[in-house]
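Everything on this sheet refers to the single structure shown next.
Number of protein chains: 2
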Amino acid sequence: MGVIGHTPAEDASRGRSASIWDVARVAGVSQQTVSRVINGKGRVSEATRAKVLQVIAELGYRPNKLARMLAGGPVRSVTVLTSDTALYGAAATLRGMEEAARTAGFSVGISVLERDTVQPDVTVRLNRPGEAVMVIAFDDAGVRALTSLPPDVPVAAAVERRPDTEAPDPWQVWLDDRAAAAHATRYLLSLGHRTVHYVAIPSSTSDLPQRTQGWMDALKAAGRPVPEPLQGGWTPRSGYLAVRDQVADRSVTAILCGNDDLALGVMRAAREAGRDIPGDLSVVGFDDSPPSAYLNPSLTTVRLDFEGLGRACFDLLHRRLEPQTAPAFPTWSEPELIVRESSGPAPA
Amino acid sequence: MGVIGHTPAEDASRGRSASIWDVARVAGVSQQTVSRVINGKGRVSEATRAKVLQVIAELGYRPNKLARMLAGGPVRSVTVLTSDTALYGAAATLRGMEEAARTAGFSVGISVLERDTVQPDVTVRLNRPGEAVMVIAFDDAGVRALTSLPPDVPVAAAVERRPDTEAPDPWQVWLDDRAAAAHATRYLLSLGHRTVHYVAIPSSTSDLPQRTQGWMDALKAAGRPVPEPLQGGWTPRSGYLAVRDQVADRSVTAILCGNDDLALGVMRAAREAGRDIPGDLSVVGFDDSPPSAYLNPSLTTVRLDFEGLGRACFDLLHRRLEPQTAPAFPTWSEPELIVRESSGPAPA
DNA sequence: GAGAGAAGGGTTACCGATAACATCGCCTCC
DNA sequence: GGAGGCGATGTTATCGGTAACCCTTCTCTC
């Protein structure tokens with residue numbers, strides 16, 4: 001057994017944690033054999049394998065993932081790029097991604113994108129060129145990060161909308177926001193409302209956001225007037241401000257909101273304007289964030305399976321990285337309208 | 349210039365991204381000199397430095413952080429261990445940590461701890477032995493992870509309470525929950541309530557949680573009866589269930605809740621029991637989560653600077669890793685009572 | 001004019017793994 | 001009985017860096 005330019009004995013005495021060399025030395029085999037045992041590649045006799053595994057246990061040896069990656073081993077690490085984890089959608093998607101990744105034995109890094117700021121260069125956030133990446137691209141910052149990624153990085157993304165190019169990027173997942181918004185709008189119309197007003201979340205692209213589009217689809221299909229959408233932000237406050245001046249208008253009887261936080265602000269503005277919910281104003285949100293069911297009144301909203309989407313996004317990436325081993329392509333739930341107290345029949 | 353067993357030209361043509369060798373070759377210097385320029389260590393002439401920097405820019409070279417860490421360079425990477433990022437406190441703390449770490453040039457990994465599950469061995473989550481770690485230890489899972497960490501890993505933690513051992517672990521930060529809870533309780537007493545009931549969040553240790561303790565402190569100091577604390581969980585639902593049977597009791601006029609989500613559930617239970625908030629029942633929360641200000645009624649609560657705490661936790665770790673370079677020790681805001689609509693004078 | 005430093009930069013070893021290739025028995029086949 | 005093949009291991013090169021050490025040149029100083 002030759003040890004080239006290395007004295008594991010010294011390492012051990014210096015208190016560093018065990019390396020593959022220590023295991024090899026104690027087990028009386030070469031370091032490569034230990035590697036074989038760990039990775040299950042190559043042929044190792046049963047006796048040797050057992051011995052090595054025993055020594056590994058004794059020494060409490062843990063492979064150094066960094067070294068493994070450097071040496072060109074399997075990737076097994078992902079960095080998630082997301083903006084503003086304060087938002088329920090992003091946070092829930094991240095949770096799904098992390099859970100799926102951890103279960104599959106990947107380590108996950110996270111890097112938050114600043115909104116409204118010039119993104120210097122996303123690649124500096126990666127641990128190495130070619131690092132695998134997932135992007136939560138529900139908003140502008142995410143989309144910019146996604147498009148600015150060099151072509152050689154393996155990436156999967158959760159995006160706001162189905163790509164509408166001829167040859168869509170197959171490494172994307174999305175929820176059918178458009179259909180969901182249309183569904184929610186039809187629901188409100190079915191309650192007898194003449195039309196439905198809409199408070200929009202910021203768009204992730206230059207196009208009309210999917211939720212806005214779906215709302216318009218439904219109104220047009222029903223031949224109803226399409227009011228100018230009100231522009232909100234991401235926070236309750238922005239919803240409050242967006243509708244404050246119009247909500248006193250009693251001809252407004254139904255408002256669909258781009259997310260639950262906006263709905264919260266809208267309901268407050270309505271209350272301050274003396275409107276009764278759902279008596280003479282129905283409010284519907286989007287996302288089904290955790291507090292929604294307990295609000296006063298509890299919020300009718302569209303439940304979106306963000307966690308499932310996040311898991312699916314990871315599985316997609318997993319397939320991309322390890323086509324043989326990755327599990328079958330997963331599914332996630334379709335959007336679902338959850339009817340609660342905040343919506344009701346149009347006032348007489 | 350000797351190139352030992354390496355042919356960068358081939359690498360480049362094979363489409364790999366530039367390495368330090370490529371830069372060295374193009375700049376006509378040794379690879380070590382490039383390293384010196386990058387790290388600002390050692391002496392390099394101004395001309396050489398400029399040349400190297402220029403080549404770096406031309407080639408779009410990015411140092412491989414993995415290789416750097418392997419080679420024993422400065423650490424500059426942290427893994428955050430947290431449970432359940434769905435909770436506002438944990439999520440906000442994580443945000444603060446990530447922001448501070450990213451600003452300081454660290455890359456951050458995240459690994460979520462499962463609650464109510466046997467933690468196999470946290471160290472397998474780390475990228476290498478000795479990896480730097482931050483733990484969000486507000487609950488049981490976090491505390492267990494923190495205590496199970498081997499002594500050689502550099503760690504900083506955000507914990508629920510000031511350690512009360514003789515020689516407290518200096519690498520911990522916390523918010524003064526106890527004083528805050530006492531303050532909120534005194535506030536309610538000052539409104540004329542005879543006593544204050546409490547709905548507790550789960551404890552992170554076997555001791556009485558800090559918030560519960562603070563609430564008791566205030567009641568005892570004022571000589572008021574101390575009702576049995578009600579045990580809640582982390583969700584609105586658990587708050588709802590915890591108080592459902594008692595909230596109809598009109599002698600209960602003030603309820604302090606361990607967090608805002610519990611308060612949400614409590615308010616709903618109270619409403620269903622026909623209680624008017626704040627007319628004949630005052631409810632106070634804890635955390636000041638984002639929706640609180642827009643609830644109906646808006647929630648009186650204790651604002652906690654979780655983001656500041658997260659930033660401080662990172663700075664602590666930073667000082668531990670790089671005592672010379674790390675910035676001065678940071679401060680974060682003290683808890684602050686935010687009075688809103690959900691609390692008022694005791695009913696006559 | 002010579003020795004001592006300081007500047008500037010090159011060499012070599014090493015971090016902890018993986019991959020490709022080499023080696024060594026031993027058994028089978030012609 | 002020698003060639004070929006295969007199982008089980010050992011060797012060497014490499015990944016992309018950092019650190020310690022070494023080697024020239026100059027510039028000072030006495």
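Protein chains in written order, with my numbering: chain R, 1 to 348; chain P, 349 to 696. By construction, the Cβ of each residue, glycine as well, lies at the ideal position given by its N, Cα and C atoms.
Going by beta-carbon coordinates alone, are residue 255 of chain R and residue 183 of chain R separated by less than 7 Å?
no
Verify the CB distance criterion: does residue 5 of chain R have a CB-CB separation below 7 Å to chain P?
Any reading at residue 5 of chain R is ruled out, since the residue's pLDDT is 36, under 50, leaving its predicted position unreliable.
Could you tell me the alpha carbon to alpha carbon distance between residue 148 of chain R and residue 137 of chain R, rounded to whole angstroms?
12 Å
Can you name the residues of chain R whose CB is closer than 7 Å to the CB of residue 475 of chain P?
65, 66 and 107
Kindly provide the ranges of any alpha helix (DSSP H) runs that are 4 or more residues long and lie completely inside the region 265-329 of chain R, ordered along the chain.
306-321
Check the Cβ of residue 447 of chain P against every Cβ in chain R and list those closer than 8 Å, keeping chain order.
Per Cβ cutoff of 8 Å: 112.
Under 9 Å Cβ-Cβ, which residues of chain P neighbour residue 347 of chain R?
By Cβ distance, chain P contributes nothing, its closest Cβ being about 20 Å from residue 347 of chain R, past 9 Å.
Roughly how many whole angstroms lie between the Cα atoms of residue 3 of chain R and residue 26 of chain R?
Since pLDDT at residue 3 of chain R reaches only 34, below the 50 mark, its modelled position is unreliable, and no value is offered.
Determine the extent of the alpha helix (DSSP H) in which residue 183 of chain R is found, giving its start and end residues.
177-190
Taking C-beta to C-beta, are residue 609 of chain P and residue 640 of chain P nearer than 7 Å?
no
Ends of the beta strand (DSSP E) at residue 520 of chain P?
520-522
In the DSSP assignment, what residue or residues form a beta bridge with residue 684 of chain P?
BP columns for residue 684 of chain P point to P/651.
Check the Cβ-Cβ distances between residue 499 of chain P and every residue of chain R, and say whether any is below 7 Å.
no
Where does the unbroken alpha helix (DSSP H) through residue 449 of chain P begin, and where does it stop?
436-451
Just the Cα atoms here: how many angstroms apart are residue 134 of chain R and residue 367 of chain P?
The alpha-carbon separation between residue 134 of chain R and residue 367 of chain P amounts to approximately 24 Å.
First and last residue of the alpha helix (DSSP H) that includes residue 404 of chain P?
394-407
With H, G and I counted as helix, E and B as strand and the rest as coil, what does DSSP make of residue 591 of chain P?
Correct three-state label for residue 591 of chain P: helix.
Check for me: the alpha helix (DSSP H) holding residue 23 of chain R runs from which residue to which?
20-27
Rounded separation between residue 74 of chain R and residue 48 of chain R - CA only:
24 Å
Would residue 455 of chain P pass as a contact of residue 109 of chain R if the rule is Cβ separation under 7 Å?
Contact check for residue 455 of chain P against residue 109 of chain R passes: the beta carbons are separated by less than 7 Å.
For residue 242 of chain R, which option in R/251, R/253, R/249 and R/266 has the closest C-alpha, if you only look at C-alpha atoms?
Nearest to residue 242 of chain R by C-alpha distance, out of R/251, R/253, R/249 and R/266, is R/266.
From the beta carbon of residue 353 of chain R, is the nearest beta carbon of chain P less than 7 Å away?
The structure shown does not extend to residue 353 of chain R, since chain R is modelled only from 1 to 348, so the question has no answer here.
Helix, strand or coil for residue 351 of chain R per DSSP?
Shown here, chain R extends from 1 to 348; a query on residue 351 of chain R therefore has no answer.
Measure the C-alpha to C-alpha separation of residue 677 of chain P and residue 663 of chain P and round it to an integer number of angstroms.
7 Å
If we cut at 7 Å on Cβ distances, does residue 296 of chain R have a partner in chain P?
Answer yes: the Cβ-Cβ gap between residue 296 of chain R and chain P drops below 7 Å somewhere.
Buried or exposed (CB count within 10 angstroms, at least 16 for buried), residue 131 of chain R:
buried
Work out the CA separation of residue 204 of chain R and residue 343 of chain R for me, nearest whole Å.
28 Å
Could you tell me the boundaries of the alpha helix (DSSP H) in which residue 490 of chain P lies?
488-496
Output needed in chain order: residues of the region 534-567 of chain P with a Cβ under 8 Å from some Cβ in chain R.
Shown here is that no member of the region 534-567 of chain P has a Cβ falling below 8 Å from a Cβ of chain R.
I'd like to know if the region 267-283 of chain R and the region 49-62 of chain R are in contact, where contact means that at least 3 CB-CB pairs between them fall below 8 Å.
no
Using DSSP with H/G/I as helix, E/B as strand and the rest coil, what is residue 214 of chain R?
helix
Counting only Cβ-Cβ distances shorter than 9 Å, please list the residues of the region 226-260 of chain R near chain P, keeping chain order.
235, 236, 237, 239, 240 and 260
Is it buried or exposed, residue 696 of chain P, if we count other Cβ atoms within 10 angstroms and call 16 or more buried?
exposed
Spatial neighbours of residue 646 of chain P in its chain, beta-carbon cut-off 8 Å, leaving aside the 5 residues before and after:
Result list for residue 646 of chain P: 640, 688, 689 and 690, in chain order.
Using CA atoms only, rank isn't needed, just tell me which of P/463, P/493, P/488 and P/489 is closest to residue 472 of chain P.
P/493
Answer yes or no: does any C-beta atom of chain P fall closer than 7 Å to that of residue 72 of chain R?
no
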